[in-house]
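In the numbering used here, the protein residues as written are 2 to 86.
Here a beta-carbon is modelled for each residue, glycine too, at the ideal position from N, C-alpha and C.
Just so we're clear, the structure is a prediction, and the values are computed from it rather than from any experiment.
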């Protein structure tokens, strides 16, 4: 938390929390928490392999992205991975 707070203080536009939450059993560079019928995230401009998890624990891989909008937000195309959580 202190690392993320410090980076935010200096306005570092980098997904530190997402990188720190990377699962060890999936070949991804970061983990994004998503929800709703149109998942989106603030990963615009960061070209990494992303995984996602929703509130029910369903995991997916990000296989595509929409156009980057305001605040670096982009809609995500997901491929389900498993229901293991």
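Which one of 16, 21, 38 has the shortest CA to CA distance from residue 79? 38
Would you list the one or two residues that DSSP bridges to residue 76? 41
CB of residue 79 to nearest heavy atom of the ligand FAD: below 7 Å? As presented, the structure is devoid of all ligands, the ligand FAD included, so that no description of it is given.
Cβ neighbours of residue 24 in the same chain (closer than 7 Å, five flanking residues each side left out): 32, 52
C-alpha distance - residue 75 paired with residue 17, whole-angstrom precision: 18 Å
If distances are taken between C-alpha atoms only, which option among 58, 77, 71, 65 comes closest to residue 83? 58
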